[in-house]
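Below is one structure, written out as structure tokens, with a few remarks after it.
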Amino acid sequence: MKNGQTITTITPARNEAGAIAKVIAAVPDIVDEIIIVDNGSRDTTAELAAQAGATVVSEPIAGYGRACLAGIAAAGTSDILIFLDGDMADDPAKIPDLIAPILANEADLVIGSRPLGGAEPGALTPVQRFGNWLACRLIRLFWDHRYTDLGPFRAIRREALEALRMADRDFGWTVEMQVKAVLYGLKVAEIPVPYRVRIGQSKISGTVKGTILAGTKILWVIFRSAVIEKRR
269 MKNGQTITTI
279 TPARNEAGAI
289 AKVIAAVPDI
299 VDEIIIVDNG
309 SRDTTAELAA
319 QAGATVVSEP
329 IAGYGRACLA
339 GIAAAGTSDI
349 LIFLDGDMAD
359 DPAKIPDLIA
369 PILANEADLV
379 IGSRPLGGAE
389 PGALTPVQRF
399 GNWLACRLIR
409 LFWDHRYTDL
419 GPFRAIRREA
429 LEALRMADRD
439 FGWTVEMQVK
449 AVLYGLKVAE
459 IPVPYRVRIG
469 QSKISGTVKG
479 TILAGTKILW
489 VIFRSAVIEK
499 RR
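Numbering (my numbering), first residue to last: 269 to 500.
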């Protein structure tokens, strides 16, 4: 808890046995609850997370957004929700910096920006860098809001998240949140965060199929939102 605000982290995890205990151990004490959503793992991710002291939620159907929604449902009435990955690429030690603008009532949503913070060599593929740049450029083109990243490491005020009525079940989750934040008039901030080479293989950027599916879905969410807004 910080400044009277309860804080929960939500981590979707699928086959992250090599990293998940390290992620949990690195979360600072100001976090009241650590939720790990086991998203259909075939290894010991769930068992190791429970042993490390996390609350483990099962969402057997694969999908990043689906796992995030399961975590939100399990988080109860926590005031601030933090999303981070389970591969140790994100640095949980940056959580106090991430939530500071929310605690100061300067932001409803805070994105941890990897381009601003610097990524280790090899942490982001060239395709990921280009995809992030393109998505952010399109958001600026359509809605005149400047993002630098669609990074998974983010914090949001609970009531703001509820207002967004998040729906995406897979790769479009992060961009849906950021587009809706602009459309709904949320106060949005970015802070620089470091980004490390992940432990284990990525289920998205680590495969050609995953990269194509993720990129296509992100662009589809952006263009769909632009069309819907234009019709209103």
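Note that the Cβ used here is the ideal one computed from N, Cα and C, for glycine as well.
Cross-strand partners of residue i (DSSP beta bridge)
i	result
A270	It is Lys, not Ala, that sits at residue 270 in the sequence shown. Answer by DSSP bridge pairing, in chain order: Q273.
T279	I304
F351	I278 and R422
S381	P460
A387	Y463
Helix, strand or coil at residue i according to DSSP, with G and I counted as helix
i	result
E327	coil
A335	helix
V295	coil
G399	helix
R405	helix
A285	coil
L487	helix
R414	coil
L432	helix
M356	coil
D365	helix
S309	coil
T442	helix
S493	helix
Cβ separation of residue i and residue j, assumed to be a contact under 8 Å, to the nearest whole Å
i	j	result
P360	P296	7 Å
T323	E301	6 Å
S381	P462	Not a contact, Cβ separation roughly 10 Å.
I275	I367	7 Å
D347	Q273	4 Å
> Is the region 433-441 touching the region 389-403, taking contact as three or more C-beta pairs under 8 Å?
Replying inline: no
>> When you compare the region 364-380 with the region 439-458, are there three or more beta-carbon pairs, one atom per stretch, that lie closer than 8 Å?
In response: yes
>> Taking contact to mean 3 or more Cβ pairs, one atom from each stretch, closer than 8 Å, check whether the region 396-405 and the region 478-489 are in contact.
In response: yes
>> Does the structure place the region 339-346 close enough to the region 451-461 that three or more beta carbon pairs sit under 8 Å?
In response: no
>> Would you call the region 305-312 in contact with the region 332-339, where contact means no fewer than 3 C-beta pairs closer than 8 Å?
In response: yes
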